[in-house]
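The structure appears below as structure tokens.
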């Protein structure tokens, strides 16, 4: 995984964001990657345990992918539920802002590659 900046300065404002996780992934055809929002590791080997997510960004560089709440302990993030997903074709991106709590039973986000595999960039911005 290739990552960008690991953290923003800590905010005293309870509505602010304290951390950002960003990475680039490549998945083979029909394979999935689960992002556990309470157990991410930054490029600088620092643990990131989000308590909420304020924004999500995903860009599909090649192939196609589906961004969805996790199959187990799903985080709804901006999708407003536990079963919806967003299908992103090659060259597309989504940026969404919505405050979603993250806890032990609402913490996973899945990315599933299409039939030809995919490469994507993803970022989560939130509080720790």
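Numbering (the numbering used here), first residue to last: 1308 to 1435.
The beta carbon of each residue, even a glycine, is placed where N, CA and C say it ideally should be.
Note that the structure is predicted; figures quoted are calculated from it, not measured.
Setting aside the 5 residues that flank it on each side, residue 1343 is surrounded in the same chain by 1414, 1415, each with a C-beta closer than 7 Å to its C-beta; the list follows chain order.
Inter-residue distance for residue 1405 and residue 1373 is about 19 Å (C-alpha atoms, whole angstroms). The Cβ-Cβ distance between residue 1409 and residue 1382 falls below 7 Å. By the Cβ-count criterion, residue 1338 is exposed, with fewer than 16 other Cβ atoms from all chains shown falling within 10 Å of its own Cβ. Beta-bridge pairing by DSSP links residue 1426 to 1333, 1369.
Distance from the Cα of residue 1420 is smallest, within the candidate group 1430, 1348, 1357, 1333, for 1333. For residue 1396, no pairing in a beta bridge is given by DSSP. For residue 1340, the enclosing beta strand (DSSP E) starts and ends at 1339-1343.
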